[in-house]
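**Q** First, the structure itself, so that you have it in front of you.
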Amino acid sequence: MKPTESTENTRSTESTESTENAENSDSSENPEGTAGGGGRGGVLIAAVLLLACAGLVGYGLLDTEDEPKPSATPTAAVTYEVTGDGTAEISYLGPDEDGSATVVRDAELPWKHTVQVPLGETPTVAVVLGEEGGQAACTLAIRGQHVQRATAMGEFGRATCTGALPADGN
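Heads up: the sequence shown begins at 159 in our numbering, then just goes up one per residue.
Following this line, the structure appears as structure tokens:
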């Protein structure tokens with residue numbers, strides 16, 4: 159019986175070696191080493207797509223360009239205009255929510271500026287002439303409608319124009 163066992167062991171060993179050789183020959187035909195053919199090429203494509211997606215997400219997160227935020231308080235367009243010659247100091251109520259005036263020193267005349275003023279505020283423009291005097295006129299328009307006009311004359315002459323801007327928007 160010993161020879162039979164030896165023959166069976168030899169056949170078993172030969173069978174295992176032939177299976178391993180068959181697997182090795184499949185690997186040499188498919189250099190990626192997988193049966194589906196995806197292998198390294200598929201992994202490379204997936205990695206590139208993943209990096210592209212990560213780049214787009216990163217761009218969206220890092221995009222710091224500020225877009226105008228909708229105003230929590232309703233506003234109305236107010237146009238301030240100062241006519242005349244030379245220069246003047248002009249102060250006006252602008253879009254500041256704290257209600258402080260914006261001052262333009264040595265503004266070249268004629269001067270015109272349109273801003274959004276919160277409803278309930280009182281739009282105001284004031285003109286102060288310099289030491290050399292002269293003449294200047296301020297006008298105020300709310301939503302395109304003329305509201306007031308005033309004239310400043312002489313050395314350090316002053317003029318102020320104001321208008322009503324009701325809180326209810328009418």
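For every residue, glycine included, the Cβ atom is placed at its ideal position computed from N, Cα and C.
Would Val-285 and Arg-316 be called neighbours here (beta carbons separated by less than 8 Å)?
**A** For Val-285 and Arg-316, yes; Cβs fall inside 8 Å.
**Q** Suppose the cutoff is 6 Å on Cβ atoms and the five residues either side in sequence are ignored; what does the same chain contact list for Thr-231 look like?
**A** Counting only Cβ-Cβ distances below 6 Å, and skipping sequence neighbours, we find Pro-276.
**Q** For Ala-259, count the other beta carbons within 10 Å of its own beta carbon; 16 or more makes it buried, fewer makes it exposed. Which is it?
**A** When all chains shown are included, Ala-259 counts as exposed.
**Q** Does the region 232 to 249 touch the region 288 to 299, meaning 3 or more C-beta pairs lie closer than 8 Å?
**A** Segments in contact, yes.
**Q** Kindly list the residues whose CB is nearer than 6 Å to the CB of Thr-309, restricted to its own chain and excluding five residues on each side of it in sequence; keep chain order.
**A** Cβ within range, chain order: Ala-295, Ala-317.
**Q** Quick check: Thr-297 and Leu-251, are their CB atoms within less than 8 Å of each other?
**A** The answer is no: Cβ separation not under 8 Å.
**Q** Just to confirm my understanding: we take Leu-249, look at its own chain, exclude 5 residues before and 5 after, and list those with CB closer than 6 Å. What are they?
**A** Before going on, a small fix: residue 249 reads as Ser here, not Leu. Within the same chain, Ser-249 has close Cβ partners Ala-259, Val-261, Ala-284.
**Q** Nearest by alpha-carbon distance to Pro-324: which of Cys-211, Leu-207, Glu-279, Ala-299 is it?
**A** Closest option to Pro-324, Cα to Cα, is Glu-279.
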